[in-house]
Amino acid sequence: MYNYVKQISAFLPNKQGTLTGFTQLLADNSLDLMALSLADTTNFGIARAIFKEYDKALAVLQQAGYTASITPVLAVGVPDCPGGLNKVLQILNRENLSIEYIYNFVHTVDDQAVLICRVDDGDKAVDELQKAGVKLFDRSELQ
Amino acid sequence: MYYNEHMETASRDELERIQLERLQATVRRMYDNVGFYRRRMEEQGVVPEDIKTLSDITKLPFMSKIDLRDNYPFGTFAVQKTEIVRLHASSGTTGKPIVAGYTRHDLEMWSDCVARGLSAVGVTADDIVQVAYGYGLFTGGMGVHYGIERLGATVLPISAGNTKKQIMMMQDLGTTVLACTPSYALVLGEAIRDMGIDPETIKLRVGVFGAEPWTEGIRKEIEALLHIKAYDIYGLTESVGPGVAMECKEACDGLHIWEDCFIPEIVDPDTGEPLPDGQIGELVITTINKEGMPTVRFRTHDLTYIHKEPCVCGRTHRRLHRLMGRTDDMLIIRGVNVFPSQVESAIVGIEGIAPRYLLVVDRVHNLDTLEVQVELLPTLVYDEVRKMEALRAKVQKSIEQVLGLSVSVRLMPPNSIERAEGKSKHIKDNRKLD
Ligand SMILES: [Zn+2]
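Order-wise, the sequence lines are chains A and B. The first sequence: position 30 = 30 (my numbering), numbered continuously. The second sequence: position 62 = 62 (my numbering), numbered continuously.
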């Protein structure tokens, strides 16, 4: 049974200084940011991030007036060699699993790059990736 | 249940006959006894004999709060002071208050209106009603009080404030009905929850709330907190006080205005032109069963419309829609009248969106633009930009459908929009008009 990694998603209005306000808040609360991705439109953005202490991060953000929530995501181990990422994506593609977004961990873990991945059918993706021998990092290994 | 079945279910013909008779008598008394209104009528070239049908009411001059203030304290009374048995006053934010005088007949009429309203929401002689409206110059406390006694229910005149004592009395006496402002009902409900009191130890079943504007959202909140059915009561000191109009439990949709005592009109707030039933505009009330201080075509500045359909409860008196704001809040954008409360009704219930908004009006290349900023709830419902964008578009479509006007919508973080306690805080108008 795979223990999903918990991602924090937060809404960022598109105004000058919102991102620095966000990172400042994390720093002030000594929250260890392990991965971060940003997506935006002209009107607003969404920050997605993995923290060691995801529950504390959620509380800090909501108390500071952010709209935020927890989303379960996969943490996929990608061998640190050419073609590593391709191998993972090919498996998902073969099984018609659509990827909503991916982004990378700042550091490698056990010499592997860690890919944060949100797929429409997470349970199926877990099965297929594990069958193909791809390493999935459990929440207990990261958080 | 009806309190005065004959009057509450009278045929429209009979009601209108009573209305015309009473309107004519009221206008005659105003003309004969209230100098300022007589001069107004003369300026407009109208005499009491001109009122031959109900629709002739539009020939009469309006009255406003300013008129009452200018004739402070007794200048608009239509009877000798010996006939006045009670005075109330509405607090003015600046300067002098407005003084209202009541004859014995007026107090009877008022109690009767309140008793009808209470009865319409199922209050009976078996109930204990806790009146947590303020007592004193304000009409709320005493107005509801005498209506309760008239109905034969038991009144607990505790007045406003002292929340802990309110809750203790509620538990000890087994209060079944609460009458107060909706905001105080929320305070009581939250206090009961925060004190960890088992709602089963409280027997409340009905709430009668008024004296300030509130929304369907607040109604749901109060009902959930207090485990009651909450009803809207409407009134204003210039007309009499609370009880001018009241919801019924059968429809719980619109407030029956007692038309044998009050004639409601809806007019365009800008031009004063009468609007047909179903159209939103300013409520204008003429008191036709009041001796002490009748008010003719009084501009309430409250926005509402009159329901077109007869009510399922059998009452023939027409219904005012729950108040939709104040005329001071009305905006005219590209020629369309826009009321902030319409936006609220458009966004309420959309997942992830708080009922908090700001209308930002601007003029770009001689064209009015309207941006609606809406607040998100603290919990993000989607972690994908595409879905958030779809949510934004959904909010936009919903608002556009209600307003009949194209708008842009901006999603805002929680608590970023200033709380609207006074009026006009829902609006930021950047247009420079000359
Ligand atoms: Zn009804």
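Where a beta carbon is used, it is the ideal one built from N, C-alpha and C, also for glycine.
Exercise. Tell me whether the beta-carbon of residue 12 of chain A lies closer than 7 Å to the beta-carbon of residue 47 of chain A.
Key: Taking the first sequence and counting its residues from 1, one reaches residue 12 of chain A at position 12. Taking the first sequence and counting its residues from 1, one reaches residue 47 of chain A at position 47. In this structure, the beta-carbon distance from residue 12 of chain A to residue 47 of chain A falls below 7 Å.
Quiz item: Buried or exposed: residue 158 of chain B, going by 16 or more other Cβ atoms within 10 Å of its Cβ?
Solution: Mapped onto the second sequence, residue 158 of chain B falls at position 158. Residue 158 of chain B should be labelled buried.
Exercise. Spatial neighbours of residue 400 of chain B within its chain, please: CB distance less than 7 Å, with the 5 preceding and 5 following residues excluded, ordered by chain position.
Key: Position 400 of the second sequence, counting from 1, holds the residue named residue 400 of chain B. Result list for residue 400 of chain B: 406, 407, in chain order.
Quiz item: Taking 6 Å as the cut-off, is the CB of residue 251 of chain B close to at least one heavy atom of ligand 1?
Solution: Here residue 251 of chain B refers to the residue found at position 251 when the second sequence is read from its first residue. Yes, since a heavy atom of ligand 1 falls inside the 6 Å radius drawn around the Cβ of residue 251 of chain B.
Quiz item: What residues of chain B sit near residue 122 of chain A, judged by a beta carbon separation below 7 Å?
Solution: By 1-based counting over the first sequence, the position of residue 122 of chain A is 122. None at all; the shortest Cβ gap to chain B is about 13 Å.
Quiz prompt | Cα-Cα separation, residue 53 of chain A to residue 366 of chain B | solution = Numbered from its first residue, the first sequence carries residue 53 of chain A at position 53. Numbered from its first residue, the second sequence carries residue 366 of chain B at position 366. Rounded to whole angstroms, residue 53 of chain A to residue 366 of chain B spans 53 Å at the Cα level.
Self-check item: Three CB pairs or more closer than 8 Å across the stretch 65-76 of chain B and the stretch 217-236 of chain B
Solution: Cβ pair count under 8 Å is below three, so no.
Quiz item: Taking 7 Å as the CB-CB limit, is residue 358 of chain B close to chain D?
Solution: In the structure shown, chain D cannot be found, because the protein chains are A and B.
Quiz prompt | Top-ranked residue by Cα proximity to residue 86 of chain A, from A:73, A:71, A:102 | solution = Locating residue 86 of chain A in the first sequence gives position 86, counting from the first residue. It is A:102.
Quiz item: Taking the C-alpha atoms as reference points, what is the distance between residue 78 of chain A and residue 391 of chain B?
Solution: Sequence index remark: in the first sequence, residue 78 of chain A carries index 78 (1-based). Sequence index remark: in the second sequence, residue 391 of chain B carries index 391 (1-based). Spanning the two alpha carbons is a distance of roughly 34 Å.
Quiz item: Residue range of the alpha helix (DSSP H) that residue 394 of chain B falls in?
Solution: Reading the second sequence from its first residue, position 394 is the one you call residue 394 of chain B. Run containing residue 394 of chain B: 385-403, per the alpha helix (DSSP H) assignment.
Self-check item: Status (buried if at least 16 other CB within 10 Å, exposed otherwise) for residue 81 of chain A
Solution: Start at 1 with the first residue of the first sequence, and residue 81 of chain A comes out as number 81. It is exposed - the Cβ of residue 81 of chain A has fewer than 16 other Cβ atoms within 10 Å.
Quiz item: Can you round the beta-carbon distance between residue 453 of chain B and residue 299 of chain B to whole angstroms, since I take them to be within the 8 Å contact cut?
Solution: The structure shown does not extend to residue 453 of chain B, since chain B spans only 1 to 434, so no value can be given for it.
Quiz item: Unbroken beta strand (DSSP E) runs of length 3 or more, entirely within the stretch 329-387 of chain B: which are they?
Solution: If we require 3 residues or more, the beta strand (DSSP E) runs fully inside the stretch 329-387 of chain B come out as 331-333, 336-338, 353-364, 367-376.
Self-check item: Check whether residue 120 of chain B and residue 252 of chain B have beta carbons under 7 Å apart
Solution: Numbered from 1 along the second sequence, position 120 holds the residue referred to as residue 120 of chain B. Numbered from 1 along the second sequence, position 252 holds the residue referred to as residue 252 of chain B. Not closer than 7 Å, so no.
Quiz item: From B:320, B:402, B:313, pick the residue whose C-alpha is nearest to that of residue 336 of chain B; which is it?
Solution: By one-based count along the second sequence, residue 336 of chain B stands at place 336. By alpha-carbon distance to residue 336 of chain B, the top candidate from B:320, B:402, B:313 is B:402.
Practice problem: Using the Cα positions of residue 35 of chain A and residue 115 of chain A, report the straight-line distance between them to the nearest angstrom. | Solution: For the purposes of this step, residue 35 of chain A is taken as residue 35 along the first sequence, with counting starting at 1. For the purposes of this step, residue 115 of chain A is taken as residue 115 along the first sequence, with counting starting at 1. Their Cα atoms are separated by approximately 9 Å.
Quiz item: Cβ of residue 315 of chain B within 6 Å of any heavy atom in ligand 1?
Solution: Locating residue 315 of chain B in the second sequence gives position 315, counting from the first residue. Yes, the beta carbon of residue 315 of chain B sits closer than 6 Å to at least one heavy atom of ligand 1.
Self-check item: For residue 234 of chain B and residue 210 of chain B, believed in contact at Cβ under 8 Å, the rounded distance
Solution: Looking up residue 210 of chain B in the second sequence gives position 210. Looking up residue 234 of chain B in the second sequence gives position 234. Contact holds; Cβ gap of about 6 Å.
Quiz item: What span of residues does the beta strand (DSSP E) with residue 145 of chain B cover, start to end?
Solution: Locating residue 145 of chain B in the second sequence gives position 145, counting from the first residue. First-last for residue 145 of chain B: 139-151, but that is the alpha helix (DSSP H), not the beta strand (DSSP E).
Practice problem: Please confirm whether any heavy atom of ligand 1 lies closer than 6 Å to the CB of residue 248 of chain B. | Solution: Counting from 1 along the second sequence, the entry for residue 248 of chain B is found at position 248. With a cut-off of 6 Å, the C-beta of residue 248 of chain B is classified as near ligand 1, since at least one heavy atom of the ligand falls inside that distance.
Quiz item: Whole-angstrom Cβ separation of residue 237 of chain B and residue 262 of chain B, contact assumed at under 8 Å?
Solution: On the second sequence, position 237 is the one that residue 237 of chain B refers to. On the second sequence, position 262 is the one that residue 262 of chain B refers to. The distance from the Cβ of residue 237 of chain B to that of residue 262 of chain B is about 14 Å, inconsistent with a contact at the 8 Å cut-off.
Exercise. Can you give me, in chain order, the residues of the stretch 39-62 of chain A that have a beta carbon less than 8 Å from any beta carbon in chain B?
Key: Residues passing the 8 Å Cβ filter: 39, 40, 41, 43, 44, 45, 46, 48, 62.
Self-check item: Residues that residue 384 of chain B contacts on chain A, provided the C-beta gap is smaller than 9 Å
Solution: Here residue 384 of chain B corresponds to residue number 384 of the second sequence, with the count starting at 1. Simply 9, 39, 46, 100, 101, 118.
Self-check item: First and last residue of the uninterrupted alpha helix (DSSP H) at residue 22 of chain A
Solution: Sequence index remark: in the first sequence, residue 22 of chain A carries index 22 (1-based). Looking at the DSSP string, the run of the alpha helix (DSSP H) that includes residue 22 of chain A is 18-28.
Self-check item: Buried or exposed (CB count within 10 angstroms, at least 16 for buried), residue 422 of chain B
Solution: As a working note, residue 422 of chain B is residue 422 in the second sequence. In this predicted model, residue 422 of chain B has a pLDDT of only 42, less than 50, meaning its place in the structure is not dependable; the value taken from the coordinates is given anyway. Under a 10 Å Cβ-count criterion, residue 422 of chain B is classified as exposed, with fewer than 16 other Cβ atoms of the shown protein chains found around its own Cβ.
Quiz prompt | Listed by chain order, chain A residues near residue 379 of chain B by CB distance under 9 Å | solution = What you label residue 379 of chain B is simply residue 379 of the second sequence in a count that begins at 1. What residue 379 of chain B touches in chain A: 62, 67, 68, 69.
Quiz item: Between which two residues does the alpha helix (DSSP H) containing residue 246 of chain B stretch?
Solution: Residue mapping note: residue 246 of chain B aligns to position 246 of the second sequence, counting from 1. Going by DSSP, residue 246 of chain B is part of no alpha helix (DSSP H) but of the beta strand (DSSP E) stretching over 241-247.
Quiz prompt | Stretch pair the stretch 264-284 of chain B + the stretch 17-29 of chain B: three plus CB contacts closer than 8 Å | solution = Not touching, per the Cβ criterion.
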